[in-house]
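Visitor: First the structure, which I've put down as structure tokens, then a few questions once you've had a look.
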Amino acid sequence: MRLVETHIFKEVHDKIEFLIIKRKDDDTYGGVWQMVTGGIINGEKAYEAAVREVKEETGCDAEKLWIVPKVNSFYSPDEDRIISIPVFLIRVKPNQDIKLSSEHTEFMWVNSEDAKRYFIWEGQRESVDLIVQYLTIEGNTLNFNEIELKK
571 MRLVETHIFK EVHDKIEFLI IKRKDDDTYG GVWQMVTGGI INGEKAYEAA
621 VREVKEETGC DAEKLWIVPK VNSFYSPDED RIISIPVFLI RVKPNQDIKL
671 SSEHTEFMWV NSEDAKRYFI WEGQRESVDL IVQYLTIEGN TLNFNEIELK
721 K
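Going by our numbering, the first residue of the sequence shown is number 571, and it counts up by one from there.
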């Protein structure tokens, strides 16, 4: 099992808004609010999976893509191993239309504090803090690596 987590944000009037999506009730972790998560297909790079999953789950087109310097993890009892999940950040246009996949039932644009209140895993909340630090603190030493998107 190879997975990615991808946070989506837009800038509106110099404020950052995160897109959060709610899993359908009869799915694994049903009813949970999250960022885009999904699997990496064989032969696909993790960042390619992030862009693809964002498009599939939300209909969003990525304007920019960064690697967040964080890896989340969880224990998979089926595989009896720890799964490591790279974290990505995608910026979309402020007027981006959202078209949810059948995996999700609702979406909201929220500020960082609200995003952290909705996320149930600590690692996901920590990712939001890193992202906000990177995007808002002038002169910070945090340096996200941007990945050039293919047009």
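Cβ atoms here follow ideal geometry from the backbone N, Cα and C, with glycine treated the same way.
Would you call the stretch 674-693 in contact with the stretch 581-592, where contact means no fewer than 3 C-beta pairs closer than 8 Å?
Guide: The answer is yes - the stretch 581-592 touches the stretch 674-693, with three or more Cβ pairs under 8 Å.
Visitor: Using the C-alpha atoms, what's the distance from V621 back to I660?
Guide: So the alpha carbons of these two residues sit roughly 8 Å apart.
Visitor: Once DSSP output is grouped into helix, strand and coil, what is the label at S654?
Guide: Correct three-state label for S654: strand.
Visitor: For V606 versus V624, is the C-beta spacing smaller than 7 Å?
Guide: Yes, Cβ-Cβ distance for V606 and V624 is below 7 Å.
Visitor: My understanding is that K640 touches L700, with C-beta atoms under 8 Å, so please give their C-beta distance in whole angstroms.
Guide: Yes, K640 and L700 are in contact; Cβ-Cβ is about 6 Å, under 8 Å.
Visitor: At 3 residues or longer, what runs of the beta strand (DSSP E) sit wholly inside the stretch 581-608?
Guide: The qualifying runs are 585-593.
Visitor: Rounded to a whole number of angstroms, what is the C-alpha to C-alpha distance between V602 and D595?
Guide: If I take the Cα positions, the gap works out to 8 Å.
Visitor: I think S654 touches S672, with their Cβ atoms under 8 Å apart; what is that distance to the nearest whole Å?
Guide: Actually they do not touch by this definition, with Cβ atoms about 27 Å apart.
Visitor: Can you tell me which of N681, K580, P656 puts its alpha carbon nearest to the alpha carbon of G693?
Guide: G693 has its Cα closest to that of P656, out of N681, K580, P656.
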